[in-house]
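Have a look at the structure below, then the notes.
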Amino acid sequence: MRAPLVIAISAALLIVGCGQQSTSNQTQQAPVQQAPAGPPPVPASATAVRGSLSIEGLNDLPGGLSLRLRLLDMSDPSIVPPVMAERVEPAPASLPYTYALPYETASVNPQGKYVIEAALLTGDVVLYGTDNPPAVLAQGAPDRADIALVRGGGLPAPNIPPADLLKQEFDKLERSIGGMKRYNGESIEDDITVGWDAFADSSGVRFARQVIDYPKTGQVSFRFAYKNGQPWVLVREKSGVAAHVGWGKDGSLVLNRDVNDKPMEEADIAELKAMAEKLYAQASAKVK
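Just remember that this note's numbering sits 274 ahead of the position in the sequence shown, which is counted from 1.
See the structure below:
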């Protein structure tokens, strides 16, 4: 695998460089400029997040790449994550690589949530990134994290709050259910009527809808999105008010608000998640 990966990186560098070829012939007489030097090494005594970087199946890197390290504050998923610390340096020639990202201890809230992400770039193009940035520094998380980079980036959109990004991904999945196989069912329990349909692709059930008619309180509708067989983003619509809850890759609650920005109670979230899990099992039984 090593050779194809190195070839792919070299090809990306070539594409970026092609845009500069037309001007290079006009500046052949200009003196060759050295690439800007990276920042000085981080002292061993410095307060920093440290760890190793690796890429599965790849040990040698071509020249011309940059390594970007960022410490992000994920405490409030409703806003764009503030960058607590950032460091850009020339990428190492080989992997694994031991990194260090200094930060200010005074800016860290012990009850907050912080993650570290890394990326290998050519210019502004991310070749490899952090698919699931590990938590560090707060709520029992350590100041060390070993990061496995993945091809194609994996980095979140930099200018979109995580909660909004989750809603966008939910909407995108919902728009795609027309290309999936549909399953449905219904039941009557006492005087409560339940109807549902679910949509599956080659990986299993991805989306489900459920409507429950209560004799006294009326109709309540639900929309459930699943990822890796688990409830991912759940929507409850009651009396014309839609409430969303959703979880990030690390299992933490990222999205929890209705159209009036009112959060759902923990007991209601647990009940909604249990309902989504039950419907997933019912639908999966039909898929099999």
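Backbone N, C-alpha and C fix where the C-beta goes; we use that ideal spot for every residue, glycine too.
Assigned secondary structure, residue i (DSSP; H/G/I helix, E/B strand, else coil)
i, result
"tryptophan 391", "In the sequence as presented, tryptophan is not what sits at residue 391; that position holds glutamate. Strand, per DSSP."
"aspartate 445", "helix"
"arginine 276", "Its pLDDT being 46, under 50, arginine 276 is placed unreliably in this model, and the value from its coordinates should be taken loosely. In the structure shown, arginine 276 sits in a helix (DSSP, three-state: H, G or I)."
"alanine 437", "helix"
"valine 561", "helix"
"lysine 547", "helix"
"isoleucine 421", "strand"
"tyrosine 554", "helix"
"glycine 520", "strand"
"glutamate 540", "helix"
"alanine 359", "strand"
"alanine 472", "strand"
"serine 381", "helix"
"glutamine 504", "strand"
"valine 354", "coil"
"valine 316", "coil"
"proline 364", "strand"
"serine 340", "strand"
"alanine 332", "This sequence places leucine at residue 332; alanine is not what is there. Three-state result, leucine 332: strand."
"proline 376", "strand"
"threonine 301", "Note that threonine 301 scores 41 on pLDDT, short of 50, meaning its location in the model is unreliable and no value can be drawn from it."
Bridge partner(s) assigned by DSSP for residue i
i, result
"glutamate 463", "Ile466"
"serine 495", "Val485 and Glu511"
"tyrosine 371", "Leu327"
"lysine 455", "Ala474"
"valine 479", "Ala474"
"aspartate 347", "Tyr388"
"alanine 409", "Val389"
N- and C-terminal bounds of the beta strand (DSSP E) containing residue i
i, result
"tyrosine 402", "399-404"
"glycine 312", "Where glycine 312 is concerned, there is no enclosing beta strand (DSSP E), given that its DSSP letter is neither H nor E."
"glycine 325", "322-328"
"valine 528", "527-532"
Beta-carbon separation (whole angstroms), residue i vs residue j, contact threshold 8 Å
i, j, result
"alanine 367", "leucine 335", "6 Å"
"proline 370", "valine 389", "Incorrect: roughly 20 Å between the Cβ atoms, too far for contact."
"alanine 365", "leucine 394", "6 Å"
"arginine 449", "tryptophan 470", "That pair is no contact at about 19 Å."
"alanine 557", "alanine 499", "Wrong, their Cβ atoms sit about 13 Å apart, outside the cutoff."
"proline 424", "leucine 375", "Note that residue 424 is valine in the sequence shown here, rather than proline. That pair is no contact at about 19 Å."
"glutamate 545", "proline 505", "Not a contact, Cβ separation roughly 12 Å."
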